[in-house]
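Peer 1: Below is one structure. I have some questions about it.
Numbering (our numbering), first residue to last: 65 to 640.
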C-alpha cells in the first residue's frame, strides 16, 4: 500500500526488503537512513529523488534530524553502488546491527592502531593498498581506479569521510562523560597530517597483491555493464568483486549493428576481402587477452589508406584495455636490467598495444617481441615502485609506413610476423574528413565492439588461417630482410668440400654490415645463422697463405669471394 507520506517506493510493489520505521531514535538515524537510501538505489530511483526522499524521511521521522551534510554523505555512500537489485543487498540490509556504512561503533581505546583496523573493516570492499605499485586502488563504482587514475585521491577522500563519521559517533555517545573523552580523542584526526598518517597505518589492514586484479580474462568491463565473453554473451552489473581495473571505451549494446563499419572495411581492403574476417577474429582474441597465436601485426600502408582510422577506431573501443607504446620501447638497445622500465610496466594488463610511427630503418627488438608473443614473463619496474613480474596478454599492432629491420630471421620462420595490407589509397575527392570523428561516437563504438565480440566467438569455434596475401607479403618481407643471404651473395662463394676459417668470414661480414648500415650480429649468432642455412660448422685445420692452421670455427662449403688468404681465384681449396 502506498505510504501517505510519499516516502515508500511505489513502482515496485512486490519488492521484499527494508521497511522504514515510523519513528527513528537518535542512535539509529544513520543506519536507518542509509538502509532506506540503499533500498531506493536498489529500486533504481534517480540520485536526486533519493536525496529528496531521504531528506523528507530525516525531517519527518528522525528525532532529532541529522544535519543536511550528514544526509548528503549518507546518500553519497548509498548511490556509490550500482543501481538495481544487488545480490548482496539483503545481506547489507537485513535490519541487523551492521553499521559498516551508516555509522560507527567507536573502539574502547581510540588510537592509530585501533582506528586503522576499523577503517580497514569498513572500506575493504572499496579500497585496497597494492604493495607492488605502492598506491591505493579504489573502487569508483565501475572499476578499481589505481594511483594513476584517481585511486590515491579517492582514498584520501574516504579517510576524510571516515574521520567525519568518527566525530559524529563521538558526539552522539549517550554517556556525557564518555562523549567528552571520545570527542577529544577523535578531534585531532581533523588535522590533515594525522589523517595521512592514519591512512598510511592502514596499509597492512588493506594490503593486497596486484595479482588479485583482472584475473578473469573473459570479463570485459564496459561503461554500462560487465560483459562475459563466451559462446553466448552474458552481462552483469558492475561489482567490486570482479576486481577489474580497466573499462572499455564504450557501452555494450547488443542491438548495435555494424553495417557502416563493414562498409568502411570493404572499401579499405577492396581486392583483399579475406583479410577482414581474419582481422576481426584476431581483434576478438586480443579483447580476450588470448595470445595463443604467437604473432604480432604490422599494419603497412601509406597515408589515406584507412590504416590510422581503422587502428584508432579499434583503440577507442578497447579504451583502458589498450595502451600506446613508444617505438623506442621496441627498438633494439642496450637497456640495463637494473634501470627502471616504466615502458614495460605499462604493458601489464593491456590487451592491445599499438606502436605507431616506426622510424625508417628502425631495428626491431626481436628478443622483446619474442617474449611478448611467446607468452614469456616480463619483469618491469615503474619509477619509485617495486619490480613486477607478469605474463603479457597483449596483442601487438604496429601501424607504420616503414617496415622495421629484423636482425633475426626466426621471426619469419616461426610465422610471428603478420602483415595487414592497407594498400588502397583514397583520392582527395574520396576523403571523408569527418569519418574518424564519427567513428568515435558512442553508438558507432558500441557497434564495433559487437563486431569484435563476434570475431572472438568465431575464432574460438571455427577460426581462419592467415590469408594467403598476408603470408605472401611476409615472405617478401623475409627475403628483403635476409641480411646474411645478402652478405653471402655480395661477398662469398659456395664451393663443395671447401673449409674456411670462420673468423675471416665473420670479419668480412662485420665490415660489410657497417658499410651497408646494418647492426652486425655477434660472432656466435652469425655462426648459428650460417648453420641454419645449411653450412656445416666444425673445428679443425684450414689452408692459409703459408700452410695450414687449427681454428675453432671452420665453415664448410663457403669461402670469401674477393681478397684474403682464402681467395678461391688464387689458391687451391683446402678440402676434406
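We put the beta carbon where it would ideally sit given N, CA and C, even for glycine.
Quick check on residue 421: buried or exposed, where buried means 16 or more other Cβ atoms within 10 Å of its Cβ?
Peer 2: With fewer than 16 Cβ atoms within 10 Å of its Cβ, residue 421 is classed as exposed.
Peer 1: Tell me which residues share the same chain as residue 570 and place their Cβ nearer than 7 Å to its Cβ, disregarding the 5 neighbours each side in the sequence.
Peer 2: 587, 590, listed in sequence order.
Peer 1: For residue 154, I'd like the list of residues in its chain whose CB is within less than 6 Å of its CB, leaving aside the five on either flank, ordered along the chain.
Peer 2: With a pLDDT of only 45 at residue 154, under the threshold of 50, the placement of this residue in the model should not be trusted; the figure read from the coordinates follows. Around residue 154: no qualifying Cβ.
Peer 1: In terms of alpha-carbon separation, which member of 509, 485, 187, 89 lies closest to residue 340?
Peer 2: Out of 509, 485, 187, 89, 485 has the C-alpha closest to the C-alpha of residue 340.
Peer 1: How long is the line joining the alpha carbons of residue 552 and residue 379, rounded to whole angstroms?
Peer 2: About 43 Å.
Peer 1: Out of curiosity, what's the CA-to-CA distance linking residue 207 and residue 176?
Peer 2: Their backbone Cα atoms lie some 29 Å apart in a straight line.
Peer 1: Check whether the Cβ atoms of residue 660 and residue 276 lie closer than 8 Å to each other.
Peer 2: Not covered by the structure: residue 660. The range shown for the chain is 65 to 640.
Peer 1: With three or more beta-carbon pairs closer than 8 Å as the criterion, would you say the segment 505-523 touches the segment 309-328?
Peer 2: They touch, by the three-pair rule.
Peer 1: Return the first residue and the last residue of the beta strand (DSSP E) that residue 516 is part of.
Peer 2: From DSSP, residue 516 is part of no beta strand (DSSP E) but of the alpha helix (DSSP H) over 506-525.
Peer 1: Assuming residue 363 and residue 489 form a contact by the criterion Cβ under 8 Å, report the distance between their Cβ atoms to the nearest whole angstrom.
Peer 2: 15 Å between Cβ atoms; not a contact.
Peer 1: With distances taken between CB atoms, is the gap from residue 97 to residue 117 smaller than 8 Å?
Peer 2: No, these two residues do not count as a Cβ contact at 8 Å.
Peer 1: Taking C-beta to C-beta, are residue 557 and residue 457 nearer than 8 Å?
Peer 2: Result no, Cβ atoms of residue 557 and residue 457 do not sit closer than 8 Å.
Peer 1: Can the beta-carbon of residue 146 be found less than 8 Å from the beta-carbon of residue 205?
Peer 2: Closer than 8 Å, so yes.
Peer 1: DSSP three-state call for residue 71: helix, strand or coil?
Peer 2: Confidence at residue 71 is low in this model, with a pLDDT of 48, below 50, so the placement of that residue is unreliable and no value is reported for it.
Peer 1: Whose C-beta lies closer than 8 Å to the C-beta of residue 438 among residues of the same chain, with five residues either side of it excluded?
Peer 2: Excluding sequence neighbours, residue 438 sits near 358.
Peer 1: Whole angstroms are fine: how far does the CA of residue 84 sit from the CA of residue 114?
Peer 2: Using only the alpha carbons, I get a separation of about 14 Å.
Peer 1: Quick check on DSSP: helix, strand or coil for residue 127?
Peer 2: If DSSP states are grouped into helix, strand and coil, residue 127 belongs with coil.
Peer 1: Which residues does DSSP pair with residue 376 in a beta bridge?
Peer 2: None, per the DSSP bridge assignment.
Peer 1: Which of the three DSSP states, helix, strand or coil, is assigned to residue 245?
Peer 2: In the structure shown, residue 245 sits in a helix (DSSP, three-state: H, G or I).
Peer 1: Taking one C-beta from the segment 387-396 and one from the segment 409-425 each time, how about it: are there three or more such pairs within less than 8 Å?
Peer 2: Enough Cβ pairs lie closer than 8 Å, so yes.
Peer 1: Check each candidate in 302, 311, 292 and name the one with the smallest Cα separation from residue 318.
Peer 2: Among 302, 311, 292, the Cα nearest to that of residue 318 is on 292.
Peer 1: Quick check: the Cα distance between residue 526 and residue 298, rounded to an integer number of angstroms?
Peer 2: Cα-Cα distance, rounded: 21 Å.
Peer 1: Around the C-beta of residue 499, are 16 or more other C-beta atoms found within 10 angstroms, so that it is buried, or is it exposed?
Peer 2: Classification of residue 499: exposed, given that the 10 Å Cβ count is below 16.
Peer 1: In three-state DSSP terms, what is residue 390?
Peer 2: The answer is coil: DSSP assigns residue 390 none of H, G, I, E or B.
Peer 1: Quick check on the DSSP output: what are the complete beta strand (DSSP E) runs of length 3 or more inside the segment 227-297, in order along the chain?
Peer 2: Counting only runs of 3 or more, we get 283-285, 290-292.
Peer 1: Taking the Cβ atom as the reference point for each residue, do residue 615 and residue 549 lie within a distance shorter than 8 Å?
Peer 2: Contact: no.
Peer 1: Let me confirm a value: residue 382 is counted as buried when at least 16 other C-beta atoms fall within 10 Å, else exposed. Which label applies?
Peer 2: By the 10 Å Cβ count, residue 382 comes out buried.
Peer 1: Per DSSP, what are the beta-bridge partners of residue 36 in this structure?
Peer 2: The chain is shown from 65 up to 640; residue 36 falls before or after that span and cannot be answered.
Peer 1: Give me, in chain order, the residues of the same chain whose beta-carbon lies closer than 7 Å to that of residue 487; leave out the 5 immediate sequence neighbours on both sides.
Peer 2: Closer than 7 Å at Cβ, skipping near neighbours: 365, 369.
Peer 1: According to DSSP, residue 545 sits in a beta bridge with which residue or residues?
Peer 2: Note: residue 545 sits in no beta bridge, so no partner.
Peer 1: Which term fits residue 157, buried or exposed, when burial requires 16 or more other beta carbons within 10 angstroms of its beta carbon?
Peer 2: Only weak support exists for where residue 157 lies, its pLDDT of 41 falling under 50; the value from the coordinates is given anyway. Classification for residue 157: buried.
Peer 1: Could you work out which residue in 524, 336, 294 is closest to residue 537 when comparing CA atoms only?
Peer 2: For the residues 524, 336, 294, the minimum Cα distance to residue 537 belongs to 336.
Peer 1: Between the Cα of residue 467 and the Cα atoms of 407, 528, 395, 334, which residue gives the shortest distance?
Peer 2: Among 407, 528, 395, 334, the Cα nearest to that of residue 467 is on 395.
Peer 1: Kindly list the residues whose CB is nearer than 7 Å to the CB of residue 584, restricted to its own chain and excluding five residues on each side of it in sequence; keep chain order.
Peer 2: So the list reads 573, 574, 577, 578, once near-sequence residues are dropped.
Peer 1: Go to residue 454, then tell me how far its beta strand (DSSP E) extends in each direction, as first and last residue.
Peer 2: Residues 452-454.
Peer 1: For residue 288, collect the residues of the same chain with a Cβ closer than 7 Å to its Cβ; drop the 5 residues on either side in sequence, then sort them by chain order.
Peer 2: Counting only Cβ-Cβ distances below 7 Å, and skipping sequence neighbours, we find 315, 316.
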